[in-house]
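Chemist:
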Ligand SMILES: Nc1ncnc2c1ncn2[C@@H]1O[C@H](COP(=O)(O)OP(=O)(O)OP(=O)(O)O)[C@@H](O)[C@H]1O
Ligand SMILES: Nc1ncnc2c1ncn2[C@@H]1O[C@H](COP(=O)(O)OP(=O)(O)OP(=O)(O)O)[C@@H](O)[C@H]1O
Ligand SMILES: [Mg+2]
Ligand SMILES: [Mg+2]
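Chains as they are written, first to last, in this note's numbering: chain A, 17 to 243; chain B, 17 to 243.
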């Protein structure tokens with residue numbers, strides 16, 4: 017369902033070219049569970065932003081469910097995202113003036129769900145990530161790991177068929193990390209596609225396939241024999 | 017050099033009391049190397065903010081170098097921080113409109129260092145964390161792990177005698193994490209005090225003492241026999 021063909025992404029800072037991704041080609045099928053790893057600065061978040069339709073490549077093609085999305089307008093990308101994709105950002109990107117439950121309900125506001133259903137769905141997601149007692153807190157009234165969990169809850173509230181999570185356990189202790197990985201496992205078993213960026217080998221072992229980036233290119237792509 | 021006596025910190029959200037720290041007493045001597053661990057929401061960042069003079073306790077006393085700092089004014093706390101303490105924030109807290117080198121030089125602006133010295137010192141620190149080629153980038157032009165390393169460089173540019181680092185390797189791959197831990201090791205060997213929050217057992221093993229929090233209280237406090 018995901019096919020990248022010769023994807024490149026180059027940033028330009030004061031006339032200096034920064035090739036964040038160089039000719040990346042990749043296929044991911046429905047219901048795969050992929051871990052994306054690699055050194056700091058190797059292009060993982062850049063690749064995730066392209067996969068998540070948050071950014072467009074400098075060159076190359078991206079086919080999502082056989083549809084070429086490489087050159088959609090911002091509005092068209094927003095519609096694809098809301099329908100298909102749940103994204104957990106490396107830096108959370110929560111709305112600072114909204115409470116946890118309002119933040120989690122936001123994707124449901126965009127797709128027209130009525131107030132009663134979206135509040136109950138948001139409550140359910142926050143309980144699933146262990147934040148039942150933090151529903152009305154704003155982001156600056158929560159710990160780092162609590163904010164990370166609100167970002168996770170928001171990404172999955174819409175039951176997306178593709179979940180993209182960029183370092184979802186970076187701020188979580190082992191016990192809470194395992195609870196989050198169990199949630200992703202459940203989502204995967206329900207037939208969905210899960211792609212996570214992690215720098216922790218323990219977390220990568222939950223995935224069925226491990227892709228490693230280095231300097232903007234795919235360095236290795238292997239099956240995990242014992243997920 | 018750090019003595020906490022019956023420190024409590026309670027937040028109030030819409031009339032609900034949230035006891036983030038309950039009666040924490042703790043002594044840390046000069047040149048100790050401490051890892052602070054515990055579940056998400058257990059009070060680690062709250063404790064670090066008090067240790068770092070970024071926040072004052074609701075009750076209890078904090079003696080820093082034998083001076084009671086529990087009730088200093090914001091200005092007085094700022095002076096103590098700038099002189100003695102280097103703080104790496106869990107969410108980086110970089111100035112969005114400044115480049116990496118400007119961000120790292122900021123503590124030196126506050127203590128009156130001349131422009132030439134602070135630019136060369138900031139360059140030195142950024143090279144030490146592997147960011148020589150990202151000096152002029154702004155935070156939104158960098159990867160998560162690069163931002164984390166700018167935050168680390170800024171915390172140590174002033175050669176503080178106490179380094180407080182809240183999840184400094186949360187966004188870093190293993191190789192880069194080891195480079196950062198080597199920097200903290202070097203700072204420790206120079207006679208300074210290092211206190212880091214981490215959720216990764218591997219990282220905690222660099223420290224000489226491991227303190228675990230649970231629900232705002234100290235759960236265990238042990239020496240690490242093999243740092
Ligand atoms: N400004 C605030 N207002 C209200 N509650 C807060 C505030 N900051 C923190 N809290 C609450 O205090 C508790 C301790 O928070 P703290 O940030 O110290 O946890 P932590 O151990 O650093 O967690 P993590 O590992 O997730 O970063 C949490 O339950 C959090 O919700
Ligand atoms: N908006 C931008 N403008 C300029 N350069 C950028 C921008 N975003 C990222 N970069 C650069 O592109 C490269 C890849 O960044 P990316 O965020 O994809 O790395 P990453 O693998 O996610 O790293 P990390 O593990 O540190 O999060 C980095 O060298 C970074 O400095
Ligand atoms: Mg990243
Ligand atoms: Mg914290």
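For each residue, glycine too, the CB sits at the ideal point set by N, CA and C.
No experiment lies behind these values; they were computed from the predicted model shown.
(1) Where residue 115 of chain B and residue 160 of chain A are concerned, what is the direct C-alpha to C-alpha distance, given to the nearest angstrom?
(2) Taking the alpha-carbon positions, what's the residue 176 of chain A to residue 100 of chain A distance?
(3) In chain order, what residues place their C-beta within less than 7 Å of a heavy atom belonging to ligand 3?
(4) Could you give the first and the last residue of the continuous beta strand (DSSP E) run that contains residue 113 of chain A?
(5) Can the beta-carbon of residue 242 of chain B be found closer than 8 Å to that of residue 223 of chain B?
(6) Is residue 119 of chain A near residue 170 of chain A, with beta carbons less than 8 Å apart?
(7) Compute the minimum distance between the beta carbon of residue 127 of chain A and the heavy atoms of ligand 1, and state whether it is under 7 Å.
(8) In chain order, what residues of the same chain have a beta carbon less than 7 Å from the beta carbon of residue 27 of chain B, not counting five sequence neighbours either side?
(9) Return helix, strand or coil for residue 185 of chain B, following the three-state DSSP convention.
(10) List the endpoints of the continuous alpha helix (DSSP H) containing residue 237 of chain B.
(11) Report yes or no: do three or more beta-carbon pairs, one from the stretch 42-58 of chain B and one from the stretch 222-237 of chain B, lie closer than 8 Å?
(12) Chain B beta carbons: is any one of them nearer than 8 Å to that of residue 209 of chain A?
(13) Is there a C-beta anywhere in chain A that falls below 8 Å from the one on residue 192 of chain B?
(14) Name, in chain order, the residues that DSSP records as bridge partners for residue 27 of chain A.
(15) Checking the sheet assignment: what are the DSSP bridge partners for residue 53 of chain A?
(16) Tell me which residue opens and which closes the beta strand (DSSP E) that residue 96 of chain B is part of.
(17) Report yes if the C-beta of residue 29 of chain B is less than 7 Å from at least one heavy atom of ligand 1; otherwise report no.
(18) What does the Cβ neighbour count give for residue 213 of chain A, buried or exposed, with the cut at 16 atoms within 10 Å?
(19) State yes or no: is the beta carbon of residue 55 of chain A nearer than 8 Å to at least one beta carbon in chain B?
(20) Can you find at least 3 beta carbon pairs, one from the stretch 137-156 of chain B and one from the stretch 120-127 of chain B, that sit closer than 8 Å?
(21) Quick check on residue 234 of chain B - is its C-beta less than 8 Å from some C-beta in chain A?
(22) Count Cβ pairs between the stretch 38-51 of chain B and the stretch 73-84 of chain A that sit closer than 8 Å; are there 3 or more?
(23) With a threshold of 6 Å on Cβ separation, who are the neighbours of residue 103 of chain B within its own chain once the five nearest residues in sequence on each side are excluded?
(24) Can residue 23 of chain B be considered in contact with ligand 1, in the sense that its beta carbon sits closer than 7 Å to one or more heavy atoms?
(25) Determine the DSSP secondary structure at residue 128 of chain B, reduced to helix, strand or coil.
(26) Measure the alpha-carbon distance for residue 143 of chain A versus residue 165 of chain A and round it to whole angstroms.
(27) Does the separation of the CB atoms of residue 50 of chain B and residue 228 of chain B fall below 8 Å?
(28) Can you tell which of B/193, B/174 and B/21 has its C-alpha closest to the C-alpha of residue 129 of chain B?
Modeler: On the basis of the data shown:
(1) The C-alpha of residue 160 of chain A is placed about 25 Å away from the C-alpha of residue 115 of chain B.
(2) The alpha-carbon atoms of residue 176 of chain A and residue 100 of chain A are separated by roughly 5 Å.
(3) That query returns the following residues: A/60, A/61, A/106, A/182, A/183, A/213, B/159, B/160, B/161 and B/187.
(4) From DSSP, residue 113 of chain A is part of no beta strand (DSSP E); its letter is neither H nor E.
(5) No, Cβ-Cβ distance for residue 242 of chain B and residue 223 of chain B is not below 8 Å.
(6) In terms of Cβ geometry, residue 119 of chain A and residue 170 of chain A form a close pair [threshold 8 Å].
(7) Not under cutoff, so the answer is no.
(8) Answer for residue 27 of chain B: 34 and 36, listed in chain order.
(9) If DSSP states are grouped into helix, strand and coil, residue 185 of chain B belongs with coil.
(10) For residue 237 of chain B, there is no enclosing alpha helix (DSSP H); the residue is part of the beta strand (DSSP E) that begins and ends at 233-239.
(11) The stretch 42-58 of chain B vs the stretch 222-237 of chain B: in contact.
(12) Output row for residue 209 of chain A: interface = no.
(13) A Cβ of chain A is located within less than 8 Å of the beta carbon of residue 192 of chain B.
(14) Among the bridge pairs identified by DSSP, residue 27 of chain A is matched with A/34.
(15) Its beta-bridge partners are A/228.
(16) Not the beta strand (DSSP E): residue 96 of chain B falls in the alpha helix (DSSP H), residues 90-100.
(17) Yes, the beta carbon of residue 29 of chain B sits closer than 7 Å to at least one heavy atom of ligand 1.
(18) With 16 or more other Cβ atoms from the protein chains shown falling within 10 Å of its own Cβ, residue 213 of chain A counts as buried.
(19) Yes, contact with chain B.
(20) The answer is yes - the stretch 120-127 of chain B touches the stretch 137-156 of chain B, with three or more Cβ pairs under 8 Å.
(21) Not one chain A Cβ lies under 8 Å of residue 234 of chain B.
(22) No, the stretch 38-51 of chain B does not touch the stretch 73-84 of chain A.
(23) The answer, listed in chain order, is 68, 171 and 180.
(24) No, since every heavy atom of ligand 1 falls outside the 7 Å radius drawn around the Cβ of residue 23 of chain B.
(25) It is coil, neither helix nor strand.
(26) Per the coordinates, the alpha-carbon of residue 143 of chain A lies some 10 Å from the alpha-carbon of residue 165 of chain A.
(27) In this structure, the beta-carbon distance from residue 50 of chain B to residue 228 of chain B does not fall below 8 Å.
(28) Of the candidates B/193, B/174 and B/21, B/174 places its Cα closest to the Cα of residue 129 of chain B.
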